[in-house]
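Engineer:
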Amino acid sequence: MAKYKSLLQTLQKNTGDNIAKCRLALEICHNDVSKAEEWLKELAEHYKLVDKSKLGLVAVATDKNTAAMVEINCEATYTVDNNLFKNLAANVANTCLSRAKEENNFENSISKTFLNSEDLKILKGVKGKTLGDSATNATTYLRENITLKRGLCLKVKDDLRICGCTHPLFSRFGSGTQGYCGSLLVYKTNTENKFISTVVKQLCLHVIGMAPSKLGDPLKDKPLRNKYEESCMIHQPFLLEEDILVSDVLRGTGVSLVEFIRFQCGEKLEEADDDQSQENANASL
1 MAKYKSLLQT LQKNTGDNIA KCRLALEICH NDVSKAEEWL KELAEHYKLV
51 DKSKLGLVAV ATDKNTAAMV EINCEATYTV DNNLFKNLAA NVANTCLSRA
101 KEENNFENSI SKTFLNSEDL KILKGVKGKT LGDSATNATT YLRENITLKR
151 GLCLKVKDDL RICGCTHPLF SRFGSGTQGY CGSLLVYKTN TENKFISTVV
201 KQLCLHVIGM APSKLGDPLK DKPLRNKYEE SCMIHQPFLL EEDILVSDVL
251 RGTGVSLVEF IRFQCGEKLE EADDDQSQEN ANASL
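Residue numbers (full-length UniProt numbering): 1 to 285.
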């Protein structure tokens, strides 16, 4: 036992890797420190080829006039399918959803708060445990860094509606879903039925798939000659039917888009996420 401990300490000192990786390396290499060092070097080279920042989940949760969207990251592809990791994403989303119900700083009938990693860590989730503690527990159990990257708490007044979705649909939880990308769409409608709900959900998927930079104003924003290079949502070809534009879909349903927010795992964060929605001019069509 003393000899093994000495080997472990030597390997960790020589490589700088954590105890868990060093133990695994010694186990695979039958306690041969030299071979274990080589194995860890090869592993490190492999990880350099993988953009670990793009691994993780986006979780979206909605409840009537409130919604939340969060991103958490991991280091290994298989971790995304781990139930502990999925449960953590659901916990973070549900905690932010509860936080969204307390929103009251309304501007144009919308109240929203963007949360960074440190903001998320101090929120209390299941059984009063902070999300930071839950992430630390997940890191210990999964033996890799688990990061709470960002979150959004959203609440609207009664004249507006919220729709949210993720894609691809990795899993469901309570009032939400999880995937690689997520979107929240704020809209107005005088009619609530299954058809309208379906169209709005499709528009949410459009935000994910086409990644518009803003909603657009039909009086100010002119369409590009090449519609496939269009970044203004109302002038983009509709994701599910390219022969028509989003503006055509809106005219046919009486739906008026107010704002959208889109999260994608691994995307670089702007200096101020709050500025994102300011680019989304109203599209009342």
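We put the beta carbon where it would ideally sit given N, CA and C, even for glycine.
#1: Going by CA-CA distance only, name the one from VAL199, LYS13, GLU267 that's closest to PHE238.
#2: Per the contact definition of three or more C-beta pairs closer than 8 angstroms, is the region 262-269 in contact with the region 172-191?
#3: DSSP state of ASP63, grouped into three classes?
#4: To the nearest angstrom, how far is the alpha carbon of TYR141 from that of GLU192?
#5: Since ALA67 and LEU131 are thought to touch, with beta carbons under 8 angstroms apart, how far apart are those beta carbons, to the nearest angstrom?
#6: Taking the alpha helix (DSSP H) that TYR141 belongs to, which residues open and close that run?
#7: If contacts are defined as beta-carbon pairs under 8 angstroms, then SER247 and PRO218 qualify, I think. What distance do you get, rounded to the angstrom?
#8: Quick check on DSSP: helix, strand or coil for CYS22?
#9: If you draw a straight line from the alpha carbon of ALA89 to that of GLU230, how long is it in whole angstroms?
#10: Opposite VAL58 in the DSSP bridges: which residues?
#11: First and last residue of the beta strand (DSSP E) that includes VAL156?
#12: For residue 302, is the classification buried or exposed, using 16 other Cβ atoms within 10 angstroms of its Cβ as the cut-off for buried?
#13: Please go through the same chain and pick out, in chain order, the residues whose beta-carbon is closer than 6 angstroms to the beta-carbon of LEU285, but skip the five residues on each side of it.
#14: Nearest-angstrom Cα distance between ASN104 and LEU240?
#15: Excluding five sequence neighbours on each side, which residues of the same chain lie with their C-beta closer than 7 angstroms to the C-beta of ALA211?
#16: Compute the distance between the beta-carbons of GLN178 and LEU57, then report whether it is under 8 angstroms.
#17: Is ARG99 helix, strand or coil by DSSP?
#18: Which of the three DSSP states, helix, strand or coil, is assigned to ALA197?
Structural biologist: Taking the structure as given:
#1: Position 238 of the sequence shown, counting from 1, holds the residue named residue 238. Here the closest residue by C-alpha is VAL199.
#2: yes
#3: The sequence position of residue 63 within the sequence shown is 63, counting from 1. In this structure, ASP63 counts as strand in the three-state DSSP scheme.
#4: The count along the sequence shown starts at 1 and reaches residue 141 at position 141. The count along the sequence shown starts at 1 and reaches residue 192 at position 192. Each residue's alpha carbon lies about 45 angstroms from the other.
#5: Translated into positions along the sequence shown, residue 67 becomes position 67. Translated into positions along the sequence shown, residue 131 becomes position 131. The Cβ separation is near 18 angstroms, so there is no contact.
#6: As a working note, residue 141 is residue 141 in the sequence shown. Here the alpha helix (DSSP H) through TYR141 covers 131-142.
#7: Translated into positions along the sequence shown, residue 247 becomes position 247. Translated into positions along the sequence shown, residue 218 becomes position 218. So it is a contact: roughly 7 angstroms between Cβ atoms.
#8: Counted from its first residue, the sequence shown places residue 22 at position 22. Reduced to three states, the DSSP call for CYS22 is helix.
#9: As a position in the sequence shown, residue 89 is number 89, starting the count at 1. As a position in the sequence shown, residue 230 is number 230, starting the count at 1. Looking at the two C-alpha atoms, the distance is approximately 33 angstroms.
#10: Start at 1 with the first residue of the sequence shown, and residue 58 comes out as number 58. Beta bridge pairing from DSSP links VAL58 with GLU71, GLY179.
#11: As a first step, residue 156 is located in the sequence shown; it is residue number 156 there, counting from the start. Here the beta strand (DSSP E) through VAL156 covers 147-156.
#12: Lying before the first or after the last residue shown, residue 302 is absent from the chain, which here runs from 1 to 285.
#13: Counted from its first residue, the sequence shown places residue 285 at position 285. Per-residue confidence for LEU285 stands at a pLDDT of 47, beneath the threshold of 50, marking its modelled position as unreliable; no derived number is given.
#14: For this step, residue 104 is matched to residue 104 along the sequence shown. For this step, residue 240 is matched to residue 240 along the sequence shown. If you take the alpha carbons of ASN104 and LEU240, they lie about 36 angstroms apart.
#15: Counting from 1 along the sequence shown, the entry for residue 211 is found at position 211. Only ARG262 meet the Cβ criterion.
#16: Taking the first residue of the sequence shown as 1, we reach residue 178 at position 178. Taking the first residue of the sequence shown as 1, we reach residue 57 at position 57. A contact, by the Cβ cut-off of 8 angstroms.
#17: Locating residue 99 in the sequence shown gives position 99, where the first residue counts as 1. Helix.
#18: By one-based count along the sequence shown, residue 197 stands at place 197. Note on identity: in this sequence residue 197 is Ser, with Ala being the wrong assignment. If DSSP states are grouped into helix, strand and coil, SER197 belongs with the helices.
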